[in-house]
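*Asks:* Residue 65 in the working numbering sits at position 70 of the sequence shown, and the numbers go up by one each step.
Think of the CB as a built atom: it goes at the ideal place given N, C-alpha and C, for glycine as much as any other residue.
Structure in structure tokens, see below.
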Amino acid sequence: FSKKRLKLLIPIYQEGTIDNDLLNEGVFDMKDYLSQQGYFDATVSVKVLGEGTPSERVVYTVDKHRKHKVKSVTIQGNRYFGTDLLKERMQVAKADAFLRNGRYSPALMEADVDSIQALYRANGFDKATVTTSIKDIDTSPSGKKLKVAELAILVTIKEGPQQKFGEVSLSGVNSSRTKAVRALMNSQTGQPYSLITLSGDRDAMLTYYESHGFDQARVSVTQQVESADPTKTDVTLKVTEGKQVFVDRVL
């Protein structure tokens, strides 16, 4: 690191003081910068020598490890979602004109796996799995040692069956409110089954009731996979409205 770069990366230079938050921010910023330069495995630690004395010193220890470039990011096994859409959700990326070395770290890779899996879960693929393999390439096809090692990243998706909403029933709602309550629901027959959708419907209904004076309203959800078609789940949202309370007078 040049002195100019260090002053940009280590906040205690700008703040003129030492505390744990600033020290840790310096660790994060240095690792982030090294990652941008292709040192994806770099480690940074910090310690304070002579703490509380006039000769207090801050020492950052950096181990860059070997420099890499992300050669490729390949996704296989996806049918429901297109590859471009999935890559848009990923932080890990191959090298290009804008990212000279690409972008990669184990933490970013784990976050991408979680993001892709959440997308599938939200669209009815509750058994979908996402796995990754990282190939570290040190030599060219001719056997010559590469100046900058390369990473070939493979993301494998096993979608599994898609679950869809079967019959979606609503009970316990007064007939004068049925139309309004049903209009709040995103869970619809034939749509991809999702607990996120169900949870959103439940919250929307509770908000509706609370705003209309039903502060004791409750909504319970029951689910049952259809025996005739295991890819469909029947759902019933049972509402217990309770008493409606009006504000008569504000003193």
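Closest by CA to D27, which one among V39, L17 and A144?
*Replies:* V39
*Asks:* List, from N- to C-terminal side, the beta strand (DSSP E) runs of 3 residues or more that fit wholly inside the segment 40 to 104.
*Replies:* 52 to 58 and 63 to 71
*Asks:* Where do the ends of the alpha helix (DSSP H) carrying G21 lie?
*Replies:* From DSSP, the alpha helix (DSSP H) with G21 extends over N15 to Q31.
*Asks:* Using CA coordinates, which residue listed in S67, V168, V41 and A178 is at the minimum distance from F209?
*Replies:* Closest by alpha carbon: V168.
*Asks:* Could you name each continuous alpha helix (DSSP H) segment of 4 residues or more that falls completely within the segment 137 to 221, going from the start of the chain to the end?
*Replies:* 173 to 177 and 190 to 206
*Asks:* Looking at the structure shown, is I111 part of a helix, part of a strand, or coil, going by DSSP?
*Replies:* The answer is helix: DSSP assigns I111 an H, G or I state.
*Asks:* Taking the C-alpha atoms as reference points, what is the distance between K2 and L44?
*Replies:* Their Cα atoms are separated by approximately 20 Å.
*Asks:* In this structure, what does DSSP give as the bridge partners for T124?
*Replies:* K153
*Asks:* Sort E105, A90, Q31 and G155 by Cα distance to G72 and report the nearest one.
*Replies:* G155
*Asks:* Can you give the beta carbon distance from L232 to D196, rounded, assuming they're within the 8 Å contact cut?
*Replies:* 7 Å
*Asks:* To the nearest angstrom, how far is it from the Cα of D37 to the Cα of K122?
*Replies:* Note that residue 37 corresponds to Ala in the displayed sequence, not to Asp. Straight-line Cα distance between these residues: approximately 35 Å.
*Asks:* Measure the alpha-carbon distance for S128 versus V68 and round it to whole angstroms.
*Replies:* 10 Å
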